[in-house]
Amino acid sequence: MKRESDGVHLEKPLLWSAIAVLVAGIFVADTVTSLEVAVAVLYVVVILLSVWTGSPRAIMLVGAACGILTIVSYLLTSFGDRNSGLANSVLSLVAIGATTYLALRIEAANLATRQAQADLARMSRVILIGELGTSIAHEVSQPLAAIVANGNAAIRWLGASPPNGGEARKALERIVEAAGRAGDVIGRVRGLAARKPPSREPVDLAELVQETLGLALGEIRGSQITLRTELTNLPMVSADRIQLQQVILNFIANAIDAVKADRSSERDLLVSLATDGEKITFSVRDNGVGLPQGSLDKVFDPFFSTKPGGMGVGLAISRSIVEAHGGAVYAAPNYPNGAVFGFTLPIREARS
Ligand SMILES: Nc1ncnc2c1ncn2[C@@H]1O[C@H](COP(=O)(O)OP(=O)(O)OP(=O)(O)O)[C@@H](O)[C@H]1O
Ligand SMILES: [Mg+2]
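According to our numbering, the sequence shown is numbered sequentially starting from 16.
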């Protein structure tokens with residue numbers, strides 16, 4: 016069962032076909048019926064439908080086309096009372112104008128909502144990074160202080176006359192131990208991103224992906240990227256919704272960066288969900304610049320980035336989160352160009 020790109024709710028060609036068919040139908044009906052019948056007011060339905068395109072220009076275009084066709088119908092229709100025909104046409108034009116204005120207002124409000132959501136998602140990530148930095152600094156500062164104190168002690172014991180080798184050795188042992196603890200903290204850096212155990216709640220992945228794509232939609236449309244989705248309906252999984260959303264958003268943001276960086280081809284993204292009954296696979300396939308040469312194994316490392324201004328934390332955080340859910344992340348080259356990034360979640364683990 017597939018829920019094809021519903022654009023994100025309606026695939027655009029489908030939407031435009033629906034608009035074209037309705038406009039043509041209303042135009043014909045308006046032209047062949049008597050002037051006294053105000054068929055043209057039905058154009059308001061088409062204008063409201065055009066809000067789904069998510070583009071103010073498209074809404075204005077549809078509104079203008081409806082207005083012009085209303086006038087053309089009035090001029091072409093040859094039967095019925097001309098005066099009431101004129102009144103009907105004027106009323107229809109007023110309705111069309113008012114609806115176009117309202118549709119534009121609705122689209123502006125939608126855009127503001129999408130932007131606010133995207134800002135929120137970005138902020139939550141910045142907060143996560145901030146938290147991460149604070150915890151690392153905090154946990155490493157203690158062993159570092161111990162290393163300094165014991166180092167000084169060892170210098171003193173060795174400088175004494177006669178030198179106290181026994182005490183100096185103990186101080187050095189404490190240094191090694193503290194250094195080991197600092198190393199452990201660094202090693203846990205990845206784990207820190209998912210420090211709080213993921214809160215578990217039933218999550219419909221297809222819905223979550225759809226919702227997350229909504230956050231990136233402004234950017235996708237604005238960058239002339241063709242987005243396709245293949246979202247199979249899956250069993251609900253028990254997961255941390257916000258954390259998974261973060262992961263999905265990171266993969267999508269990277270894919271957008273990758274296609275934008277490649278100027279040579281049409282920009283395509285395919286976001287899909289699949290299952291083999293045991294695990295769920297989420298993937299983002301792009302035809303962008305492709306994986307950095309020879310660094311396939313580094314892309315998930317913290318602070319690895321090939322982008323000017325990139326922090327290199329998106330994938331590292333994503334890996335921590337997915338692994339905390341008992342899953343795994345992966346990256347592979349896409350054929351003929353671009354990359355595929357994604358993760359798998361075991362269904363049983365996700366449920367427990
Ligand atoms: N879809 C992709 N196509 C090609 N390379 C990618 C893709 N996704 C990630 N990479 C590579 O992996 C690196 C690490 O990605 P990651 O998301 O961790 O950091 P970033 O995007 O560089 O910065 P940020 O921390 O702001 O997300 C990228 O710099 C890029 O080289
Ligand atoms: Mg990134």
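Even for Gly, the Cβ is constructed at its ideal location relative to N, Cα and C.
Out of the options, state which residue places its alpha-carbon closest to the alpha-carbon of residue i.
| i | options | result |
| --- | --- | --- |
| A133 | V66, I235 and S32 | I235 |
| G95 | V314, Q260, P178 and V47 | V47 |
| L228 | L284, E192, G180 and V218 | L284 |
| A164 | V304, A183, A53 and V274 | A183 |
| L249 | T296, T115 and E226 | T296 |
| A343 | G329, A186 and L360 | L360 |
| V299 | I121, C81, G327 and A354 | A354 |
| T247 | K185, D291 and L264 | D291 |
| A33 | Y58, L232 and Q261 | Y58 |
Taking the alpha helix (DSSP H) that residue i falls in, what are its first and last residues?
| i | result |
| --- | --- |
| L220 | L220 to G237 |
| V252 | Looking at the DSSP string, V252 is not in any alpha helix (DSSP H); the run it does join, the beta strand (DSSP E), is V252 to A254. |
| V87 | P71 to L91 |
| V60 | Y58 to L64 |
So, helix, strand or coil for residue i, using DSSP?
| i | result |
| --- | --- |
| S156 | helix |
| K322 | coil |
| G368 | Given a span of 16 to 367 for the chain in the structure shown, any question on residue 368 remains unanswerable. |
| Y350 | coil |
| F266 | helix |
| V36 | helix |
| R97 | helix |
| A124 | helix |
| S298 | strand |
| L285 | strand |
| R243 | strand |
| L29 | helix |
| T290 | strand |
| V191 | helix |
| A197 | helix |
| E51 | coil |
| V328 | coil |
| V105 | helix |
| V43 | helix |
| V163 | helix |
| A175 | coil |
| V274 | helix |
Since residue i is in the beta strand (DSSP E), which residue starts that stretch and which ends it?
| i | result |
| --- | --- |
| F315 | Segment: none, F315 is in no beta strand (DSSP E) and carries neither H nor E. |
Kindly examine ligand 4 and report whether one of its heavy atoms sits closer than 7 Å to the Cβ of residue i.
| i | result |
| --- | --- |
| A73 | You won't find ligand 4 in this model; what it holds is ligand 1 and ligand 2. |
- Message: With three or more beta-carbon pairs closer than 8 Å as the criterion, would you say the stretch 76-89 touches the stretch 32-49?
- Response: yes
- Whose beta carbon lies closer than 7 Å to any heavy atom of ligand 2, going through the chain in order? N265, A268, N269, D272, G325, G329 and L330
- Query: Does the pairing of the stretch 152-165 with the stretch 122-136 give three or more beta-carbon distances under 8 Å?
  - Reply: no
- Message: For the stretch 191-200 against the stretch 212-222, do three or more pairs of beta-carbon atoms, one drawn from each stretch, fall closer than 8 Å, so that the two count as touching?
- Response: no
- Message: If contact is defined by three or more beta carbon pairs under 8 Å, each pair taking one atom from either stretch, is the stretch 272-283 in contact with the stretch 310-320?
- Response: no
- Tell me, please, whether the stretch 70-86 touches the stretch 111-123 by the rule of three or more beta-carbon pairs shorter than 8 Å. yes
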